[in-house]
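Residues in the sequence shown are numbered consecutively from 916, following the numbering used here. Heads up, the beta-carbon is just placed ideally off N, CA and C, and yes, glycines get one too. Written below as structure tokens is the structure these notes are about.
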Amino acid sequence: MALMDSWGMTECVLNVGGGYGVRYTADDAPLPLSAYIEAIVTAVKEYVAAATSRIKVPAFWIEPGRSLVSEAGTTLYTAGSQKVVPGVRTYLAVDGGMSDNIRPVTYQAVYSAALANKMNAPADHTYNVVGKLCESGDQLIRDVALPAAEEGDVVAVFCTGAYCYAMASNYNKMCRPAVVFAEDGAAKLVVRRESPEDLIRNELPYT
């Protein structure tokens, strides 16, 4: 606002961006969007009221994408093998990993999870949920409480509607997963699962 004032501008759009919090885990308590907006609008109005120029209150833009879609998404993995390190931890491997959710290894993002097929069972075991890629950092969730897991269980990782599929890759020749929309008890496939053929579709023979 001060820079705009120095340039003699009287009207503008103020885009305050995004980054509004979401509830990745039960310990998260993000401020409501209205609290952010109230603080920003109040500060700008106070500046304009105190300004000696003809500057006007700008139009406010926000980018609320993550706060709109993140909590709407849940990623479903199939549980595979386990590795028990006595007195240290138990690793639970799933059929995905950093290829479909790069955020834990890049941002140290923290997620919560449940076994979708054992929702009513006591969560009395602690696991590190890890992916199947060839990276030691391919850990989706550390020290998460779950029921006793078995091969074939469905591991649901919550709050993955933003910056997961959008940042997914084919690293390690992993196929991107399908995307399904669910509403009012009905499910619709909107992005099909990639196949091995999709991975090599653009590759040409070299002789």
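Under 8 Å by Cβ, that's how I've got residue i and residue j pegged, so tell me the actual separation to the nearest angstrom.
i        : j        : result
Leu-1048 : Ser-1014 : 6 Å
Tyr-992  : Val-1070 : 4 Å
Ala-1060 : Thr-1041 : 6 Å
Applying the 10 Å Cβ sphere with the 16-neighbour rule, what's the burial state of residue i?
i        : result
Val-1045 : buried
Met-1089 : buried
Pro-1019 : buried
Ile-1056 : buried
Asn-1035 : exposed
Asn-1129 : The question about residue 1129 has no answer here: the residues shown for the chain are numbered 916 through 1122.
Ala-1008 : buried
What span of residues does the beta strand (DSSP E) with residue i cover, start to end?
i        : result
Asp-1058 : 1054-1061
Tyr-1006 : 1004-1009
Thr-993  : 989-1000
Ala-1097 : 1094-1098
Tyr-1042 : 1040-1045
Ala-1029 : 1028-1030
Leu-1104 : 1101-1106
Val-1069 : 1069-1073
Can you name the residues that DSSP bridges to residue i?
i       : result
Trp-976 : Asn-930
Could you spell out where the alpha helix (DSSP H) holding residue i opens and where it closes?
i       : result
Ser-949 : 948-965
Ala-917 : 917-921
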